[in-house]
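*Asks:* Protein sequence lines, in the order shown, are assigned to chains U and A.
Using the working numbering, read the first sequence as starting at 1413 and increasing by one per residue.
Using the working numbering, read the second sequence as starting at 1413 and increasing by one per residue.
Even for Gly, the Cβ is constructed at its ideal location relative to N, Cα and C.
All values reported here derive from a predicted model rather than from experimental measurement.
Number of protein chains: 2
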Amino acid sequence: MRKQARLPQMTVGILGGGQLARMTVEAANRLGIKIAVLENQEDSSAGQIAAFEIVGHWSDLTALESLIAISDVITLENEFVDYQVLQRLEATGLPVYPSALTLRLIQDKAVQKQTLGTYGLPVPAFATVNTPVEIEAFGEKYGWPVILKARRNGYDGKGNWKLDDPADIEAGLKALDKGLGSLMVEAFVPFVKELAVMVVRRPSGEIAAYPVVETVQRDHICHTVQAPAGVSAEIAEVALTMAHSAVEAVEGVGVFGVELFLTGEGIVLINELAPRPHNSGHYTIEACPSSQFDNLLRAVLDLPLGETGLIAPAAMVNLLGQHQRSGGPDGLEKALAVRGASLHLYAKAESRPGRKMGHVTALAPGGTSDEALKIARQAADLLEY
Amino acid sequence: MRKQARLPQMTVGILGGGQLARMTVEAANRLGIKIAVLENQEDSSAGQIAAFEIVGHWSDLTALESLIAISDVITLENEFVDYQVLQRLEATGLPVYPSALTLRLIQDKAVQKQTLGTYGLPVPAFATVNTPVEIEAFGEKYGWPVILKARRNGYDGKGNWKLDDPADIEAGLKALDKGLGSLMVEAFVPFVKELAVMVVRRPSGEIAAYPVVETVQRDHICHTVQAPAGVSAEIAEVALTMAHSAVEAVEGVGVFGVELFLTGEGIVLINELAPRPHNSGHYTIEACPSSQFDNLLRAVLDLPLGETGLIAPAAMVNLLGQHQRSGGPDGLEKALAVRGASLHLYAKAESRPGRKMGHVTALAPGGTSDEALKIARQAADLLEY
């Protein structure tokens, strides 16, 4: 099926056409690889620049068939694609990475935590819950607050609800608005830092990881990333080892974002695993010889992985929508004038409060990631979407 | 005419669809800028990935009109476009950078040298020649060998002929195969190094330069580039100042490659000026916060120029065609396995001996450009087109 190492003829199909697929197109262009995206709406962020744009939902068989017809391998840019869709794709004989198995082990967060726990990896205490009584029992056992979570389809804080005490249970259940059986509850981890590691893995098992980074969320959305993380070499080593193991635990092939908590006692726990390029890895475009997008392509095409070391301390700041409106950002000329800031604008037709519209990266050769953050933030603060 | 700083709606038209336009598309994607290319053949290197692909020659009025209709500004990727075509474009009111004036001062190499000389810049001795007798007289005056050159349309050594003594004149004239009146002759400069500087300049006159680099030609084609050049700070300063002045001399707007000779006596001379992204600036994609392609877009859209400093010592090696054939390169898997090498494949349908098919860049953070060159060369040597 594969055209051996003749990249200019290869097409990688992506389920989804958002900014992660867009940045994958950018990486693909350098290697002469073509990208086909499947996305609900025309002129999606990635659809605008991909070689092939197929409009349709991933549950739409005709659209899937069009994608299959032109792709040498299929990957995805979000974990909400039902794993049964991937099974259907796999049944055609086409390589699909991450696999249906991997997605099944990840997309239900309770199954994910169970899988990681069974593999011996430390995760916060958790339980699937079907009744308010079970939530209360969990809180009594592990202490309040607890986090009530939708087991599927949550992202950027959507689908999570913090319960400070039993009195919050009713409101939490109402907020998540799911039928019983689709929820889980987790012990609240009083972390001092959130860390993340991007891991890439080939079908052969060849694996590589990017440096441990520190992420800061604002309103549950990734706000800034600093590379490397300001942690000891020992903690970084623990985080890297866990991230490797987590991807092996789900038999992952492709690129994976592993989110971790670091507690005041120096304990590292796995928070979540994303089976795709991750916001915490955008800095790799400028800061590493091979970006997470470049390595996603290499991994799914079963090509040697690229170097993941850090060229210089780096930082990234997200550009989030503030208004409901269309068009480019205000303040662009001023932001472009910030020396050393690299702007990435996703060309989405509409901005909405909290929507990811772009990001800014800066490097600080010979300096620190704090210095890089200052530059990136200066540019980001000048932009308004 | 310009849509003020609302980039996602801007389209930059490019006359030409080769690898320089292709890498400009890659830079444009990050900023949500659209590119329209005008190129003779369908599926050109840039046409494959540009938002708009117009097939036609730049002398074809219908094709030009299509380009004008969708572009906010027009630029070019080679200096062979007749300046009168640019005059016609300018007459429509559309911004055209580099301008017709700049191109007129550059595309005839005798006019270019005259312009630079008049501006007080050191260039090799030269003369326009119409007869063999004039060539011989020039050689007697400035010494042999001399370089016989086509005044227009030469590149990568095509259009240049070295005359070791008067006996070579006849063969030289035959080789260049031009009518009399289109030739010039230059003193041969016994250089010890060839240097190059990329300069970017906005309509407002804001100007910036990338570091001085050292280039090595093989068979008159750029083979390797090392940044920074291994020259003293004084010589680098002289080269930078000359490069700035050269671009100002031709009232250049856009990005310019300034090729220089360094003699054993430490004298710097200007060899040639290219009014477009330049092979000696490809390393800037990885090695500088804003690449030459990013800054080309900023310059022609009259936006603030991006930072041109070096993140780390860097080197670039060209991938030249060795065979007449179609398809991707051999040896790709091995080349991708070279840690730290960044491959750029131009996705040209056909390879030909000497044709530029791609390039490899490597950085050496905390190291030297020699170390970077070793990595880039290792990967390049594994690839065969």
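Any contact of the stretch 1652-1659 of chain U with the stretch 1526-1533 of chain U, i.e. 3+ C-beta pairs under 8 Å?
*Replies:* Output reads yes: the stretch 1526-1533 of chain U touches the stretch 1652-1659 of chain U.
*Asks:* At the 7 Å Cβ level, is Ala1776(A) part of the contact set with chain U, yes or no?
*Replies:* So no, Ala1776(A) is outside the interface.
*Asks:* Could one say the Cβ of Arg1613(A) lies closer than 7 Å to chain U's Cβ atoms, at least one of them?
*Replies:* So, not an interface residue.
*Asks:* Could you check where the alpha helix (DSSP H) with Phe1492(A) kicks off and where it finishes?
*Replies:* That residue, Phe1492(A), is in no alpha helix (DSSP H); it is neither H nor E in DSSP.
*Asks:* To the nearest angstrom, how far is it from the Cα of Leu1488(U) to the Cα of Tyr1495(A)?
*Replies:* Going from the Cα of Leu1488(U) to the Cα of Tyr1495(A) covers about 47 Å.
*Asks:* Residues of the stretch 1731-1757 of chain U with a CB closer than 7 Å to any CB of chain A: list them in chain order, please.
*Replies:* Within the stretch 1731-1757 of chain U, the residues whose Cβ lies closer than 7 Å to some Cβ of chain A are Gly1739, Gly1740, Leu1744, Glu1745, Leu1748, Ala1749, Arg1751, Gly1752, Ser1754, Leu1755, His1756 and Leu1757, listed in chain order.
*Asks:* My assumption, with CB atoms under 8 Å, is that Val1449(A) sits in contact with Ala1458(A). Please give the rounded CB distance.
*Replies:* Yes, they are in contact, since the Cβ atoms of Val1449(A) and Ala1458(A) sit about 5 Å apart, within 8 Å.
*Asks:* Might you give, ordered along the chain, the residues of its own chain that have their beta carbon closer than 8 Å to the beta carbon of Met1413(U), omitting 5 neighbours on each side?
*Replies:* Note that Met1413(U) has pLDDT 36, beneath the 50 cutoff, so the model's placement of it is unreliable and the number below is only indicative. The answer, listed in chain order, is Asp1484, Gly1505, Leu1506 and Pro1507.
*Asks:* Look at the Cβ atom of Leu1731(U), then the Cβ atom of His1771(U), and state whether they are nearer than 7 Å.
*Replies:* In this structure, His1771(U) lies closer than 7 Å to Leu1731(U) by Cβ.
*Asks:* So does the stretch 1433-1441 of chain A actually touch the stretch 1772-1792 of chain U, counting three or more Cβ pairs closer than 8 Å?
*Replies:* At 8 Å Cβ cutoff, the stretches do not touch.
*Asks:* Note down, one range per segment and in chain order, each alpha helix (DSSP H) of at least 4 residues found wholly within the stretch 1538-1598 of chain U.
*Replies:* If we require 4 residues or more, the alpha helix (DSSP H) runs fully inside the stretch 1538-1598 of chain U come out as 1544-1554 and 1581-1588.
*Asks:* Considering only the beta carbon of each residue, do Arg1764(A) and Gln1734(A) sit closer than 7 Å?
*Replies:* No, the Cβ-Cβ distance between Arg1764(A) and Gln1734(A) is not below 7 Å.
*Asks:* Go ahead and pull the three-state DSSP assignment for His1656(A).
*Replies:* Helix at His1656(A).
*Asks:* Return no unless some Cβ of chain A is closer than 7 Å to the Cβ of Met1413(U).
*Replies:* Low per-residue confidence applies at Met1413(U): pLDDT is 36, beneath 50, and the placement is therefore not dependable, though the value from the model is reported in the following sentence. Cβ-Cβ to chain A under 7 Å: no for Met1413(U).
*Asks:* Which residue comes first and which comes last in the alpha helix (DSSP H) that contains Ser1781(A)?
*Replies:* Ser1781 to Leu1794 is the extent of the alpha helix (DSSP H) around Ser1781(A).
*Asks:* Could you give the DSSP three-state label for Ala1774(A): helix, strand or coil?
*Replies:* Note: Ala1774(A) maps to strand in three-state DSSP.
*Asks:* Counting only Cβ-Cβ distances shorter than 8 Å, please list the residues of the stretch 1697-1718 of chain A near chain U, keeping chain order.
*Replies:* Cβ contacts with chain U: Glu1698, Pro1701, Ser1702, Arg1710, Leu1715, Pro1716 and Gly1718.
*Asks:* Three or more C-beta pairs under 8 Å: does that hold for the stretch 1616-1625 of chain A against the stretch 1567-1582 of chain A?
*Replies:* Segments in contact, no.
*Asks:* Mark Asn1542(U) as exposed unless 16 or more other C-beta atoms lie within 10 angstroms of its C-beta, in which case mark it buried.
*Replies:* Exposed, because fewer than 16 other Cβ atoms sit within 10 Å of the Cβ of Asn1542(U).
*Asks:* At the 7 Å Cβ level, is Ile1619(A) part of the contact set with chain U, yes or no?
*Replies:* No, its Cβ sits nowhere closer than 7 Å to a Cβ of chain U.
*Asks:* Could you check whether the Cβ of Val1637(U) sits closer than 6 Å to any heavy atom belonging to the ligand SAM?
*Replies:* Looking at this structure, you won't find the ligand SAM or any other ligand, since it has none at all.
*Asks:* Taking contact to mean 3 or more Cβ pairs, one atom from each stretch, closer than 8 Å, check whether the stretch 1743-1753 of chain A and the stretch 1709-1725 of chain A are in contact.
*Replies:* Result no; under three Cβ-Cβ pairs closer than 8 Å.
*Asks:* For Asp1742(U), write down the residues that DSSP places opposite it in a beta bridge.
*Replies:* Asp1742(U) pairs with Glu1796(U).
*Asks:* What does DSSP give as the partner residues of Met1769(A) in its beta bridges?
*Replies:* Beta-bridge pairing links Met1769(A) to no other residue.
*Asks:* From what residue to what residue does the alpha helix (DSSP H) around Arg1434(A) run?
*Replies:* Element bounds for Arg1434(A): Gln1431 to Arg1442.
*Asks:* My output table needs one value for Lys1446(A): the three-state DSSP class, helix, strand or coil.
*Replies:* Strand, per DSSP.
*Asks:* Going by beta-carbon coordinates alone, are Arg1564(U) and Gln1519(U) separated by less than 7 Å?
*Replies:* Yes.
*Asks:* In the DSSP assignment, find the beta strand (DSSP E) that holds Ile1619(U) and state where it starts and stops.
*Replies:* Per DSSP, Ile1619(U) belongs to the beta strand (DSSP E) from Ile1619 to Ala1621.
*Asks:* Can you name the residues of chain A whose CB is closer than 8 Å to the CB of Ala1724(U)?
*Replies:* Correct list: Ile1723, Ala1724 and Pro1777.
*Asks:* Output, in chain order, the set of chain A residues within a Cβ distance shorter than 8 Å of Arg1442(U).
*Replies:* Residues of chain A passing the Cβ test: Glu1438, Ser1754, Leu1755, His1756 and Leu1757.
*Asks:* What is the DSSP secondary structure of Phe1668(A), reduced to helix, strand or coil?
*Replies:* If DSSP states are grouped into helix, strand and coil, Phe1668(A) belongs with the strands.
*Asks:* Does the Cβ-Cβ distance between Arg1614(A) and Asp1714(A) come in under 7 Å?
*Replies:* Their beta carbons are under 7 Å apart, which means Arg1614(A) touches Asp1714(A) by this criterion.
*Asks:* If you drop the 5 nearest sequence neighbours on each side, which residues of the same chain put their C-beta closer than 6 Å to that of Pro1534(U)?
*Replies:* Same-chain partners within the cutoff: Leu1681.
*Asks:* Apply the 10 Å Cβ neighbour rule to Val1611(U) and answer buried if 16 or more other Cβ atoms are within range, or exposed otherwise.
*Replies:* Answer is buried; the Cβ neighbour count reaches 16.
*Asks:* Shorter than 7 Å from the beta carbon of Ala1417(U) to some beta carbon of chain A?
*Replies:* Annotation note: pLDDT 46 at Ala1417(U) (below 50); position unreliable, coordinate value reported separately. With 7 Å as the cut-off, Ala1417(U) counts as an interface residue toward chain A.
*Asks:* With distances taken between CB atoms, is the gap from Met1596(A) to Phe1550(A) smaller than 7 Å?
*Replies:* Not a contact, by the Cβ cut-off of 7 Å.
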